[in-house]
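For the sequence shown, our numbering assigns the number 4 to the initial residue and increments by one for each residue that follows.
Notes for the one structure printed next.
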Amino acid sequence: MPQLGESVTEGTVTRWLKQVGEYVEADEPLLEVSTDKVDTEIPAPASGILQAILVQEDETVDTGTPIATITEAERPAAAPAPPPVPTPPPAPTPPPAPQPVAAGAVQAAAVHNGGVRRGRAASGAFVTPFVRGLAREHGVDIAALRPAKDGDRIRRGDVLRAARPPRPAPAPPAPAAVETHGRTVEELSPARRAFAAGLMESMRTSAHLTTVVEVDVTGAVRACEAAAASFRAREGVELTLRPFLALAALGALRAYPVLGARVDPDRKAVVHPDGAHLAIKVDTERGPVAPVVRDAGDLNLAGLARAIADLTERARDGRLGPEDLSAATFTLDDQGAGGALFSTAVIAQPQVAVLGAGAVVRRPVAVAHPALGDVVVVRSMLHLALTYDHRVIDGADAARFLTAARERLESDGLAAGLDI
């Protein structure tokens, strides 16, 4: 079982794409694996014959556990066709009327003559049996598809985007439920069990503590509204509050880098990373995931907006890979999407902090006016909640970090470069 993310310790085999005795090419999809973070296809590490499957479907094993045996071998040559049996010539008959050719026969001939390899689309991209079945279900011509992103594999999201109009997918089988004396007992899915185990491990590992500040984001909200159309036309994505929050958090991390450190329990040391890799919490149908913006500290507001939009789209389409979920040094959690003001998040190990942003609420606030003194005005307010590992970070450090983030969010220069 390969390592499927920095904090992922186990995986569940959901489907084998090859059977014992079949030949498999190196890097060809071999199986599908589910974790608490992502569902992904695992490619074959070498070409050869699949000699044995050691972990069956729906089994969960630790990373590093052997799951199959591949014997290196050349692709077996196709068996020669038997010689045709001679048949007597048929008696002459009148020419029959033209008959329509079956669609399946035309398609089979086209595949044979075109040389399309089994397991690939006409474009040369890999296609798993699951994705082929999904394409048939939605009436999508798999041969006409191209991967939406750079890569050589057609995925579920590519098929769903091509469906016109999309047909409702069949409901997944519900976990087994047992009714007991008026109560219903529902088993947790393997992904949810793994997710729960990770949460409990984090609670046992880190000394969680949360500090909260209130922030006036009126300027950022107005900037989003004023620049929405021009930003969308120029950058190709919507302008939301998330990149403003990310930019403020990254600025505070530069001032207080210990918030982006990690704990090495073996060396009993705090390790400071060489860059800021920002995880963005995204809510999906199968639960929350946190894809990572690599070297986020090198990006401006527009760059962060594009990166966050791309990761969010791929997370909700199920197109994230293990590389998208590893190496994070700090996490930004948009807790306000459901209307919550703030909450205590669980730290993703081995990070030492996570910043939550609550819902934006317009309410009366007392502010200082240069001519009128203290006045009451309506402002857009939100709460920033920093949950941190008290083993490494003191309350005073947390307060200073939050103050730095608040000052950046309230600064008029945060929206520099926007066409407003």
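Glycine residues also receive a C-beta, built at the ideal position from the N, C-alpha and C atoms.
What you are looking at is a predicted structure, and each value in this text was computed from that prediction instead of being measured.
Determine the burial state of residue i: buried for a count of at least 16 other Cβ atoms within 10 Å of its Cβ, exposed for fewer.
i           : result
residue 295 : buried
residue 398 : exposed
residue 318 : buried
residue 412 : buried
residue 44  : buried
residue 72  : exposed
residue 4   : buried
residue 32  : buried
residue 325 : buried
residue 20  : buried
Terminal residues of the continuous beta strand (DSSP E) containing residue i?
i           : result
residue 314 : Per DSSP, residue 314 belongs to no beta strand (DSSP E); it is in the alpha helix (DSSP H), 304 to 320.
residue 333 : 333 to 337
residue 192 : Per DSSP, residue 192 belongs to no beta strand (DSSP E) and is neither H nor E.
residue 282 : 281 to 283
residue 74  : 71 to 75
residue 13  : 13 to 19
residue 145 : Where residue 145 is concerned, there is no enclosing beta strand (DSSP E), given that its DSSP letter is neither H nor E.
residue 63  : 63 to 65
For the candidate residues the options, whose alpha-carbon lies nearest to that of residue i?
i           : options            : result
residue 274 : 292, 355, 229      : 355
residue 236 : 305, 250, 190      : 305
residue 207 : 353, 291, 386      : 353
residue 281 : 63, 53, 298, 241   : 298
residue 224 : 242, 204, 211, 216 : 242
residue 406 : 386, 419, 201      : 386
residue 213 : 136, 63, 402       : 402
residue 17  : 64, 6, 29          : 64
residue 75  : 55, 69, 51         : 51
residue 196 : 12, 391, 238       : 12
residue 255 : 279, 265, 204, 233 : 279
residue 140 : 166, 148, 35       : 166
residue 250 : 60, 409, 37        : 409
residue 336 : 325, 349, 239, 417 : 349
residue 351 : 315, 391, 345      : 391
residue 389 : 417, 357, 300      : 357
residue 216 : 346, 62, 40        : 346
residue 259 : 418, 400, 39       : 400
residue 149 : 138, 161, 143      : 161
residue 24  : 146, 39, 142, 56   : 56
residue 328 : 339, 292, 78       : 292
Among all the DSSP beta bridges, which residues are the ones paired with residue i?
i           : result
residue 384 : 219, 364
residue 211 : 392
residue 27  : 51
residue 265 : 274, 354
residue 295 : 282
residue 377 : 371
residue 45  : 34
residue 157 : Residue 157 is not bridged to any residue.
Is residue i close to chain C? Criterion is C-beta to C-beta, closer than 7 Å.
i           : result
residue 198 : Protein chain content of the structure displayed is limited to a single chain, and chain C is not contained in it.
Please report the distance separating the alpha-carbon of residue i from that of residue j.
i           : j           : result
residue 359 : residue 312 : 18 Å
residue 14  : residue 188 : 24 Å
residue 246 : residue 308 : 5 Å
residue 49  : residue 67  : 17 Å
residue 342 : residue 285 : 15 Å
residue 362 : residue 47  : 45 Å
residue 113 : residue 322 : Confidence at residue 113 is low in this model, with a pLDDT of 32, below 50, so its placement is unreliable and the value that follows should be read with caution. Cα to Cα, residue 113 sits roughly 30 Å from residue 322.
residue 158 : residue 244 : 30 Å
residue 220 : residue 26  : 59 Å
residue 134 : residue 370 : 57 Å
residue 163 : residue 288 : 15 Å
residue 380 : residue 218 : 15 Å
residue 383 : residue 364 : 6 Å
residue 54  : residue 30  : 17 Å
residue 320 : residue 373 : 50 Å
residue 266 : residue 331 : 13 Å
residue 2   : residue 227 : Given a span of 4 to 423 for the chain in the structure shown, any question on residue 2 remains unanswerable.
residue 269 : residue 395 : 15 Å
residue 239 : residue 230 : 13 Å
residue 301 : residue 276 : 14 Å
residue 272 : residue 261 : 12 Å
residue 170 : residue 368 : Low local confidence applies: a pLDDT of 46 at residue 170 is under 50, so the model's placement there is unreliable, with the coordinate-based value given in what follows. Their backbone Cα atoms lie some 49 Å apart in a straight line.
At which residues does the alpha helix (DSSP H) containing residue i begin and terminate?
i           : result
residue 401 : 398 to 413
residue 256 : 245 to 258
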